[in-house]
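K.L.:
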Amino acid sequence: MASSMTLSLLLLFAFALIQLTLAEIICENLPENLCCFAVASSGKRCVLENYKKRDGKLGYTCKTSEVVVESFSGHIETDQCVSACGVDRTFVGISSDAFLTVKFTSSLCSKVCYKNCPNIVDLYFNLAAGEGVFLPHLCRKQKANPHRAMLELLRSGGGATTATVDDSMSPAPAPAPF
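If you use the working numbering, the sequence shown corresponds to residues 336 to 513, in order.
(1) Buried or exposed, going by whether 16 or more other CB atoms sit within 10 Å of the CB of A463?
(2) Hey, out of N454, G378 and C474, whose CA is closest to L435's CA?
(3) Here's a check: name, in chain order, each residue in its chain whose Cβ is nearer than 7 Å to the Cβ of V417, leaving out the five neighbours to either side.
(4) Between A373 and the ligand SAH, is the CB less than 7 Å from at least one heavy atom?
(5) Per DSSP, what kind of secondary structure is S400 in: helix, strand or coil?
(6) For the segment 393 to 408 against the segment 431 to 447, are there 3 or more C-beta pairs whose distance is under 8 Å?
(7) Can you give me the Cβ contacts of L369 inside the same chain, cut-off strictly under 7 Å, excluding the 5 residues immediately before and after it?
(8) Is it a yes or a no for the segment 387 to 394 touching the segment 444 to 460, going by three-plus beta-carbon pairs under 8 Å?
(9) Expressed to the nearest angstrom, what Euclidean distance is found between the alpha-carbon atoms of H472 and N461?
(10) State the Cα-Cα distance for the pair A433 and R389, rounded to the nearest angstrom.
(11) Taking the beta strand (DSSP E) that L383 belongs to, which residues open and close that run?
(12) Given this structure, state the Cα-to-Cα distance separating L355 from G409, to the nearest angstrom.
(13) Name the DSSP bridge partner or partners of G394?
(14) Would you mind sorting V456 into buried or exposed? The rule is 16 or more other CB atoms within 10 Å of its CB.
(15) Secondary structure at V374, three-state DSSP: helix, strand or coil?
(16) Enumerate in chain order the residues of its own chain whose CB-to-CB distance from F426 is below 7 Å, with the five nearest sequence positions on each side excluded.
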């Protein structure tokens, strides 16, 4: 009898696992607390949007954006990555404004985020590119001198790779190998 109960539980667990694996992720069906940094099964990023309720209060809903991601279809970001990368599941919309804070850029460029959270890194890599910034370059600068990296972003209007900053106090680049 214990054997048949164990087998029944095992089959129930296996069936539930198959259902979860085959379940389609649709942004509009996600709760607010899972929306940000999720990618629908269609390959489009989910985005949290706000709206005014009838009672005048602010409400939130998860919508499908037009941003297509090829590598992460059907992905809901983990809490570990959200924490490691310094992002917040209550972000409304998709914006590059977060780059303007040293704390965010430091978290995004940290090894634990950059090496283990490819979905978030991919999103911000593309947002940075839209601003004329190459994320790996920004991360190198951020690690060397976080405030200078932010200054370059601000001076360039987003394009850290095109900023003209007085680098007379910066270390000289290493010579090329022969």
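The beta carbon of each residue, even a glycine, is placed where N, CA and C say it ideally should be. In this text, all values refer to a predicted model and were calculated from it rather than measured experimentally.
P.N.:
The structure says:
(1) buried
(2) C474
(3) F372 and R424
(4) With respect to the ligand SAH, the structure shown offers nothing to examine, as it has no ligands at all.
(5) strand
(6) no
(7) I411
(8) no
(9) 13 Å
(10) 31 Å
(11) K379 to K387
(12) For L355, the predicted model reports a pLDDT of 45, less than 50, meaning its position is unreliable; a value from the coordinates is still stated below. Those two C-alpha atoms are separated by around 11 Å.
(13) Y386
(14) buried
(15) strand
(16) C371 and L383
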